[in-house]
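1042 is the number of the first residue of the sequence shown in the numbering used here; add one for each residue after it. Data block below; observations after.
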Amino acid sequence: MRTSTPQFLIFDWDNTLVDSWACLHRSINITLEAMGQEPWTLDEARARIALSLREHFPILFKERWEEARAIFYDSFKRIHLDYLKPLDGIDEMLSELNGRGFAMGVVSNKTGQYLREEAEHLGWTGYFHRLVGATDAVRDKPAPDPVHLVLEGTGIAAGEHVWFLGDAAVDMECALNTGCRPILLRTHPPKAGEFHSHPFRTHFKTPGDLLLYLESGR
């Protein structure tokens, strides 16, 4: 059965709308080396980076996590706009969705300040009701707090009529934690067991696929 048209679209940011791996990989390796740890390969970075920094760094660096945080942010803020690149078809997708009147927001585990800097740099700020990043809400994704914050002021409550689109299990978990519809948006197929605990409802491989789907019901 055809699902109803969403009232609100929540997007993850990193590697859902923009290609962030090169920047994240470089910044985390600068941090690891400064802290006396071995650098990660790109594949290792892809596998390990999902939680927000304030959730992940205490696990990774123990009592020295605040020192590591300062090193990471110093590196990241110097290079993130230089590395910033929209994923294929995303710029056109956001413009089209905005033109069709879809209400949209972002929930990301990227620090809110940097998230909004990147949106402004790309000229995307006007597409979104609100951009919510790490530390903007009391708790970060996958907790429900940032979803409620992104919807604040819309008159729309979290539920099946709100679609949460992302590329990772943490996005699907956040959607399920809030009763939103979990949607996978990425080119590569799921790995075996990747979404076993937090299954997605629909997989769109390209922004064009999402547009076509929404067009058929609007």
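No residue lacks a Cβ here, since even glycine has one placed at the ideal position from N, Cα and C.
Kindly identify the DSSP beta-bridge partner or partners of residue i.
| i | result |
| --- | --- |
| residue 1244 | 1225 |
| residue 1051 | 1146, 1205 |
| residue 1127 | 1059 |
| residue 1198 | None; residue 1198 has no bridge partner. |
| residue 1173 | 1148 |
Apply the 10 Å Cβ neighbour rule to residue i and answer buried if 16 or more other Cβ atoms are within range, or exposed otherwise.
| i | result |
| --- | --- |
| residue 1149 | buried |
| residue 1151 | buried |
| residue 1297 | Any property of residue 1297 remains undetermined from this structure, which presents the chain solely from 1042 to 1259. |
| residue 1219 | buried |
| residue 1230 | exposed |
| residue 1257 | exposed |
| residue 1051 | buried |
| residue 1058 | buried |
| residue 1227 | buried |
| residue 1192 | buried |
If we ignore side chains and look at the alpha-carbon of each, how far apart do residue i and residue j end up?
| i | j | result |
| --- | --- | --- |
| residue 1253 | residue 1247 | 10 Å |
| residue 1112 | residue 1087 | 20 Å |
| residue 1222 | residue 1244 | 12 Å |
| residue 1107 | residue 1045 | 45 Å |
| residue 1232 | residue 1081 | 21 Å |
| residue 1180 | residue 1156 | 16 Å |
| residue 1190 | residue 1144 | 14 Å |
| residue 1129 | residue 1101 | 32 Å |
| residue 1078 | residue 1070 | 9 Å |
| residue 1200 | residue 1097 | 28 Å |
| residue 1110 | residue 1073 | 11 Å |
| residue 1185 | residue 1076 | 32 Å |
| residue 1175 | residue 1183 | 11 Å |
| residue 1115 | residue 1224 | 33 Å |
| residue 1119 | residue 1064 | 10 Å |
| residue 1173 | residue 1204 | 16 Å |
| residue 1138 | residue 1062 | 25 Å |
| residue 1084 | residue 1167 | 34 Å |
| residue 1140 | residue 1255 | 13 Å |
| residue 1197 | residue 1158 | 26 Å |
So residue i packs on residue j, CB below 8 Å; how close in whole Å?
| i | j | result |
| --- | --- | --- |
| residue 1213 | residue 1187 | About 15 Å separates the two Cβ atoms, so there is no contact after all. |
| residue 1206 | residue 1053 | 7 Å |
| residue 1056 | residue 1208 | 5 Å |
| residue 1132 | residue 1153 | Not really, about 22 Å apart at Cβ, beyond 8 Å. |
| residue 1146 | residue 1169 | 5 Å |
| residue 1202 | residue 1047 | 6 Å |
I'd like to confirm something about residue i: is its beta-carbon nearer than 8 Å to some heavy atom of the ligand MG, or not?
| i | result |
| --- | --- |
| residue 1188 | Because no ligand of any kind appears in the structure shown, any question about the ligand MG cannot be addressed here. |
Take residue i as the anchor and find which of the options has the nearest alpha-carbon.
| i | options | result |
| --- | --- | --- |
| residue 1066 | 1048, 1215, 1089 | 1089 |
| residue 1135 | 1174, 1164, 1114 | 1164 |
| residue 1160 | 1138, 1182, 1126 | 1126 |
| residue 1142 | 1242, 1049, 1237 | 1049 |
| residue 1216 | 1119, 1238, 1167 | 1238 |
| residue 1162 | 1139, 1173, 1123 | 1123 |
| residue 1236 | 1255, 1196, 1062, 1211 | 1211 |
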